[in-house]
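Numbering (the numbering used here), first residue to last: 68 to 389.
The structure appears right after this line, and notes come after that.
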């Protein structure tokens, strides 16, 4: 709780009134403890004004945050062997376990296409090395999670599968031709959007053929508003990857980065290294006109719609597409 300046998770909900909170390994011990934590956070956030969305990062395999036998047995994406039936079954089983622990959404499935094999950073987190199989598996995972009442996020836009650089450590620079990106990496995101993905997570990835400025997608209006919103027609929630990652984080920049991400088109900012500085930066940007109230209200409405779909405001409204 040190970065928030409060002593308890409920204190975060009361003080910051965040749109969402995310669980990691250090926050959980047993399914019963997670369920109690979720109930407490939902109650605290309701008393503070609006219920907060509760997320985790549960892909299976190496990226597994939750306790319990279902999470322990959830295979990595590659281990599903390209079988759409297994993709749906695995997601539905994991989603049901998540819902039972009071979670609302998962930062999954991974829509990256692994085109560099053992040299890549995504590896077995990807469903495969071709756009067709990844698209099919993404669609079925969305269906499985939705059937269990859990929202999902595609990641990592515009595709992390062609680089060996880890954005936790540095900023990857994608170098593939635009034609290759269109034919190999775009399709799973388009398929996921058509299948009803609730969110898309923007990666800290620079790709000069989409944005010659060299900005990462998470801070790029061209890649976020221009491509994701404009060309793919995605109108759900856009969430950044963690703003504490080295690809975008530097001392004293939390406020500036938060404003850049919102100006690029993000609706939710994930894990700023300094939430207080980020909030101060956003307020200053509204005061000086770099961000408008109308722009922030559009994001707030998208987040409220996601809460409505998750059943946090009243009965769930998520449309079935599978």
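Cβ atoms here follow ideal geometry from the backbone N, Cα and C, with glycine treated the same way.
{"Query": "Residue interval of the alpha helix (DSSP H) (run including residue 138)", "Result": "136-140"}
{"Query": "Own chain residues within Cβ distance below 6 Å of residue 309, not counting five before or after", "Result": "337 and 338"}
{"Query": "Per-residue DSSP class, three states only, for residue 213", "Result": "helix"}
{"Query": "Under the three-state DSSP convention, the category residue 180 falls into", "Result": "coil"}
{"Query": "Residue environment, residue 50, which counts as buried when at least 16 other CB atoms sit within 10 Å", "Result": "Look at the range of the chain in this structure, 68 to 389, and you will see that residue 50 is not part of it."}
{"Query": "Three-way DSSP call (helix, strand, coil) for residue 198 in this model", "Result": "helix"}
{"Query": "Expected contact under 8 Å - CB spacing of residue 159 and residue 250 to nearest Å", "Result": "Going by Cβ atoms, the distance from residue 159 to residue 250 rounds to 31 Å, so no, they are not a contact pair."}
{"Query": "Closest by C-alpha distance to residue 274, when choosing among 164, 225, 305 and 236", "Result": "225"}
{"Query": "Presumed contact (8 Å Cβ cut-off) between residue 127 and residue 163, rounded CB distance", "Result": "Not confirmed; about 14 Å, so no contact."}
{"Query": "Sub-9 Å separation of residue 209 and residue 268 beta-carbons", "Result": "no"}
{"Query": "DSSP state of residue 119 mapped onto helix, strand, coil", "Result": "coil"}
{"Query": "Residue 368 classed as buried or exposed, judged by whether at least 16 other C-beta atoms fall within 10 angstroms", "Result": "exposed"}
{"Query": "Touching by the beta-carbon criterion (3+ pairs, under 8 Å), the stretch 225-235 and the stretch 181-195", "Result": "yes"}
{"Query": "Three-state secondary structure assigned by DSSP to residue 240", "Result": "strand"}
{"Query": "Closest by C-alpha distance to residue 287, when choosing among 258, 255 and 331", "Result": "331"}
{"Query": "Residue 145 classed as buried or exposed, judged by whether at least 16 other C-beta atoms fall within 10 angstroms", "Result": "buried"}
{"Query": "Best match in 265, 239 and 122 for proximity to residue 172 [C-alpha to C-alpha]", "Result": "122"}
{"Query": "Residue environment, residue 112, which counts as buried when at least 16 other CB atoms sit within 10 Å", "Result": "buried"}
{"Query": "Which of helix, strand or coil DSSP assigns to residue 189", "Result": "coil"}
{"Query": "Alpha carbon of residue 200 to alpha carbon of residue 155, nearest angstrom", "Result": "14 Å"}
{"Query": "Per-residue burial, residue 376 [other beta carbons within 10 Å of its own, 16 or more giving buried]", "Result": "buried"}
{"Query": "Span separating the alpha-carbon of residue 129 from that of residue 314", "Result": "21 Å"}
{"Query": "Residue 352 to residue 311 span [Cα, whole Å]", "Result": "21 Å"}
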